[in-house]
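Everything below concerns the one structure shown next.
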Amino acid sequence: MENSRERREQEKRKKQKLSGNRQDGIRQKACRRAQLKRKTRNLVITGILFLTALMISMPLILLVSGSLKGTDELKSALGPVLSDMDAMVEFGLFPKYPTLKHWIELLFDKPEYYVVFINSLKIVAGTLLGQMLVGVPSAWAFARFSFPGRRLLFIVYISLMMMPFSVTMLSNYLVLKDLSLLDNLFGIILPGVFSTFPVFIMYRGFCGIPRELLEAAKVDGAGEFQVFFRIGIPLGSAGIGSALVLGFLEYFSLIEQPLAFLKNRSLWPLSLYLPQIGLSDAGFAFAASVMGLIPAVFVFLLGQDYLEKGIIATGMKE
Amino acid sequence: MKELMKSLIGFRSILRNKRKLNRTPWKEVFLFLFPGFAGVCLFVLVPFGDVIRRSFSTAVTGEWSGLYNYRVVLNNQAFLLAAKNTLRFMGVCLPLLIAFSLFLAYELSKSRYMKLLKSLYLLPMAIPAAAVVLVWKLLFDRQGILNAIWEPFGGTAVDYMGTNAAFWVLVISYVWKNLGYTVILWLAGIMGISQGIIDAARVDGAGEQICFFRIILPNLKPTLYTITVLSFLNSFKVFREAYLVAGAYPHESMYLLQHLFNNWFLNLDMDKMAAAAVLTAGVMLVFILILQALWDRKDA
Numbered sequence: 001m002e003n004s005r006e007r008r009e010q011e012k013r014k015k016q017k018l019s020g021n022r023q024d025g026i027r028q029k030a031c032r033r034a035q036l037k038r039k040t041r042n043l044v045i046t047g048i049l050f051l052t053a054l055m056i057s058m059p060l061i062l063l064v065s066g067s068l069k070g071t072d073e074l075k076s077a078l079g080p081v082l083s084d085m086d087a088m089v090e091f092g093l094f095p096k097y098p099t100l101k102h103w104i105e106l107l108f109d110k111p112e113y114y115v116v117f118i119n120s121l122k123i124v125a126g127t128l129l130g131q132m133l134v135g136v137p138s139a140w141a142f143a144r145f146s147f148p149g150r151r152l153l154f155i156v157y158i159s160l161m162m163m164p165f166s167v168t169m170l171s172n173y174l175v176l177k178d179l180s181l182l183d184n185l186f187g188i189i190l191p192g193v194f195s196t197f198p199v200f201i202m203y204r205g206f207c208g209i210p211r212e213l214l215e216a217a218k219v220d221g222a223g224e225f226q227v228f229f230r231i232g233i234p235l236g237s238a239g240i241g242s243a244l245v246l247g248f249l250e251y252f253s254l255i256e257q258p259l260a261f262l263k264n265r266s267l268w269p270l271s272l273y274l275p276q277i278g279l280s281d282a283g284f285a286f287a288a289s290v291m292g293l294i295p296a297v298f299v300f301l302l303g304q305d306y307l308e309k310g311i312i313a314t315g316m317k318e
Numbered sequence: 319m320k321e322l323m324k325s326l327i328g329f330r331s332i333l334r335n336k337r338k339l340n341r342t343p344w345k346e347v348f349l350f351l352f353p354g355f356a357g358v359c360l361f362v363l364v365p366f367g368d369v370i371r372r373s374f375s376t377a378v379t380g381e382w383s384g385l386y387n388y389r390v391v392l393n394n395q396a397f398l399l400a401a402k403n404t405l406r407f408m409g410v411c412l413p414l415l416i417a418f419s420l421f422l423a424y425e426l427s428k429s430r431y432m433k434l435l436k437s438l439y440l441l442p443m444a445i446p447a448a449a450v451v452l453v454w455k456l457l458f459d460r461q462g463i464l465n466a467i468w469e470p471f472g473g474t475a476v477d478y479m480g481t482n483a484a485f486w487v488l489v490i491s492y493v494w495k496n497l498g499y500t501v502i503l504w505l506a507g508i509m510g511i512s513q514g515i516i517d518a519a520r521v522d523g524a525g526e527q528i529c530f531f532r533i534i535l536p537n538l539k540p541t542l543y544t545i546t547v548l549s550f551l552n553s554f555k556v557f558r559e560a561y562l563v564a565g566a567y568p569h570e571s572m573y574l575l576q577h578l579f580n581n582w583f584l585n586l587d588m589d590k591m592a593a594a595a596v597l598t599a600g601v602m603l604v605f606i607l608i609l610q611a612l613w614d615r616k617d618a
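These protein sequences, in sequence, are chains C and G.
Residue numbers are given in the working numbering: position 78 of the first sequence equals residue 78, and the series is strictly consecutive.
One rule links them: number in the working numbering = place in the second sequence (from 1) + 318.
Below you can see the structure in the form of structure tokens.
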């Protein structure tokens with residue numbers, strides 16, 4: 001067996017030597033063709049990837065460019081949408097005569113804008129602060145201790161975090177009515193504080209802390225609270241950061257809850273105020289929209305790593 | 319003798335420590351967990367119990383009415399429409415989103431521009447729905463940007479707000495918003511596959527396609543499960559765009575469950591709301607359990 005295989009290979013090699021030159025040429029050509037094919041494929045794929053990115057960011061580009069366009073330019077561009085003219089919208093990507101007029105109007109002439117902007121920030125800040133006070137210890141309890149009923153309770157938490165607002169709307173309303181928190185920013189903040197989603201994310205972060213470290217600290221005489229504050233919080237900060245970033249993005253764009261529970265317009269957050277400006281005041285609408293997404297984009301850029309970690313943490317199975 | 323005493327004491331303290339480790343630290347558990355749990359009970363669990371009770375009783379007098387509310391809800395045209403739309407929306411969107419994002423993630427994992435592109439794909443997650451509603455109105459108007467692009471190619475202008483095409487407003491909004499999120503999850507899955515297996519297959523002569531279908535795809539099954547669940551949950555949030563673009567009474571092809579709940583809420587139809595909330599919660603739990611069971615079986 002061995003011998004025959006060796007012999008065959010020797011013959012092969014001989015043959016190759018004979019026709020070596022010609023075959024080399026063919027092989028090189030084939031190789032070059034394959035390379036070219038791979039290169040064009042890569043180029044096409046990269047093109048698709050960037051085209052997708054461009055389409056995804058297009059709404060943002062249109063918003064910013066719209067906020068810099070003059071009133072007349074906007075009127076003529078949006079004419080077909082505003083009235084029943086028989087023409088199509090021609091919304092150029094770049095303003096012909098860029099102007100900051102709408103921005104100045106927004107910043108100096110619209111006091112009501114500040115009110116809604118601050119309402120939004122109040123909701124976000126209150127909710128996140130509460131989540132830190134209440135949710136961090138809860139997550140720690142789930143990650144650190146084993147106690148009877150822990151698994152069942154955790155399943156309850158996960159199921160709750162998955163329920164859409166349709167399911168919780170009525171129960172939310174019943175509590176808020178009993179506590180007379182309807183038409184009150186706390187009626188939006190408090191249910192958010194006790195959301196179980198951040199608990200789940202931070203639990204993930206805490207689970208990554210090596211057990212030996214905590215046991216070592218205990219042996220050295222640290223109490224549970226010291227372990228929590230000195231080791232748990234610093235080492236679990238990635239999970240806490242993820243929960244904060246995800247929470248900020250969620251509560252800054254909250255719509256369903258304020259829509260249902262806030263009738264008083266002076267309590268409205270940005271996300272209810274923006275849509276009702278209307279295209280007749282287009283320049284202001286564009287500037288207000290861009291201004292409204294600046295805090296969220298800012299948090300996004302600062303916390304993108306946390307955000308990605310948080311997304312991956314939501315994807316892990318319990 | 320002294321030595322012996324010392325070691326005995328040491329032994330006892332070890333024993334005591336062991337007992338300490340084994341007992342449940344009720345005090346600490348209580349201190350850490352109680353504030354949060356009390357809030358969850360107060361704001362969610364107890365009122366939801368009340369909702370369950372209400373779903374079995376009449377709205378005004380609170381008398382026991384059995385399954386009457388459920389029968390009313392299940393025969394309600396608006397509920398059936400909303401449920402049908404929600405299911406249809408998920409049937410179209412989930413496969414579309416999952417396949418497209420897998421393609422993007424796989425190509426991204428080999429691309430030089432991964433970091434930049436990842437950020438751009440994720441950007442919509444940061445943008446509040448209310449801030450882009452202007453653009454959505456411009457895009458989907460009868461004389462809007464999409465039709466302006468479409469018409470020169472010989473298409474007829476589509477009336478996105480007044481016809482069944484309204485459904486596509488939902489699909490586009492949803493994919494736009496969730497693409498980056500899903501790409502990140504796929505990427506994490508792909509990056510988790512050890513390069514060693516792929517290299518070994520390459521050495522054995524496996525081409526790109528074989529590597530993808532035989533190694534990468536099978537290894538991504540757990541990721542597929544989580545992505546399906548999360549995309550399913552996120553699909554309820556598309557209500558925001560639908561509401562902002564088309565208001566409380568949109569074209570019937572984009573009438574979603576949340577629209578219906580809002581309208582019942584305004585009419586104070588508490589009994590219907592209660593029954594429908596319990597039904598929805600039940601369906602969601604069953605769906606998630608089925609997915610989990612399927613996944614566990616494949617995993618074993």
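Glycine included, C-beta positions come from ideal geometry on N, C-alpha and C.
Check: Going by DSSP, what residue range makes up the alpha helix (DSSP H) through C/K309?; Outcome: Q304 to T314
Check: Got a sec? Which residues, its chain only, sit under 7 Å from G/I606 by beta carbon, not counting five neighbours each side?; Outcome: V547
Check: At 3 residues or longer, and completely inside the segment 195-225 of chain C: list those beta strand (DSSP E) runs for me, N to C.; Outcome: none
Check: Output, in sequence order along the chain, the residues in the segment 502-530 of chain G whose CB is closer than 7 Å to any CB in chain C.; Outcome: I502, L503 and A506
Check: Looking only at DSSP bridge pairs, what is G/S308 linked to?; Outcome: No answer is possible for residue 308 of chain G: it lies beyond the span of chain G, which begins at 319 and ends at 618.
Check: For G/W504, which option in G/W494, G/N537 and G/I463 has the closest C-alpha, if you only look at C-alpha atoms?; Outcome: G/N537
Check: If the cut is a Cβ gap below 7 Å, which residues of chain G does C/G241 touch?; Outcome: Within 7 Å Cβ-Cβ: nothing; C/G241 doesn't reach chain G, min ~15 Å.
Check: Interface residues of chain G around C/Q226 at Cβ under 7 Å?; Outcome: In chain order: nothing, as chain G lies at least about 12 Å away.
Check: If I'm right that G/E425 touches C/L49 with Cβ under 8 Å, what's the distance once you round it to whole angstroms?; Outcome: 6 Å
Check: In terms of residues, what are the limits of the alpha helix (DSSP H) holding G/F629?; Outcome: Since the first residue shown for chain G is 319 and the last is 618, residue 629 of chain G is missing from the structure and cannot be characterised.
Check: Runs of 4 residues minimum, wholly inside the segment 438-502 of chain G: which ones carry the alpha helix (DSSP H) assignment?; Outcome: 447-458 and 463-468
Check: Whether or not the segment 525-535 of chain G and the segment 394-413 of chain G are in contact is what I'm after, with contact meaning three or more pairs of Cβ atoms, one per stretch, closer than 8 Å; do they touch?; Outcome: no
Check: Taking 9 Å as the threshold (C-beta atoms), are C/F298 and C/L106 in contact?; Outcome: no
Check: What is the DSSP secondary structure of C/T71, reduced to helix, strand or coil?; Outcome: helix
Check: Check whether chain C comes within 9 Å of G/F619, counting only Cβ atoms and requiring the distance to be less than that.; Outcome: Residue 619 of chain G lies beyond the residue range present for chain G, which begins at 319 and ends at 618; the question has no answer from this structure.
Check: Looking at C/G292: is its Cβ nearer than 9 Å to the Cβ of G/A448?; Outcome: yes
Check: Can you check which of these residues, C/L100, C/T71, C/A141 and C/R41, is closest to G/W344 by C-alpha distance?; Outcome: C/A141
Check: Ignoring anything shorter than 4 residues or poking outside the segment 124-198 of chain C, list the alpha helix (DSSP H) runs there in chain order.; Outcome: 150-162, 165-178 and 185-193
Check: Name, please, each residue of chain G whose Cβ falls closer than 7 Å to the Cβ of C/A285.; Outcome: L452
Check: Taking its Cβ as the centre, do 16 or more other Cβ atoms sit within 10 Å of G/T567, making it buried, or is it exposed?; Outcome: For the sequence presented, residue 567 of chain G should be read as Tyr rather than Thr. Flag for G/Y567 reads exposed.
Check: Going straight from the alpha carbon of G/E559 to that of G/N393, what length do you get?; Outcome: 28 Å
Check: Rounded to a whole number of angstroms, what is the C-alpha to C-alpha distance between G/K402 and G/V391?; Outcome: 14 Å
Check: I want to check one thing, is the minimum distance from the CB of G/F554 to the heavy atoms of the ligand HEM below 8 Å?; Outcome: As for the ligand HEM, it is missing from this structure, which has no ligand bound.
Check: Using three-state DSSP, classify G/H577 as helix, strand or coil.; Outcome: helix
Check: What residues of chain C sit near G/A564, judged by a beta carbon separation below 8 Å?; Outcome: By Cβ distance, chain C contributes nothing, its closest Cβ being about 11 Å from G/A564, past 8 Å.
Check: Would a check of beta-carbon distances place C/L128 closer than 9 Å to chain G?; Outcome: no
Check: What are the boundary residues of the alpha helix (DSSP H) that includes G/C411?; Outcome: Q395 to K428
Check: In chain order, what residues of the same chain lie with their CB nearer than 7 Å to the CB of G/R337, ignoring the 5 residues before and after it?; Outcome: Any reading at G/R337 must be qualified, since the residue scores a pLDDT of 49, below 50, and its modelled position is unreliable; the value itself is stated next. There are no such residues.
Check: Using alpha carbons as the reference points, say which of G/V489, G/A594, G/V347 and G/L464 lies closest to C/P148.; Outcome: G/V347
Check: Compare the C-beta of G/P568 against all C-beta atoms of chain C and say whether one is closer than 9 Å.; Outcome: no
Check: Report the CB separation of C/Y251 from C/T127 in whole angstroms; it is logged as a contact under 8 Å.; Outcome: 5 Å
Check: Give the residues from the segment 138-150 of chain C that approach chain G closer than 9 Å (Cβ to any Cβ), ordered along the chain.; Outcome: S138, A139, W140, A141, F142, R144, F145, S146, F147, P148 and R150
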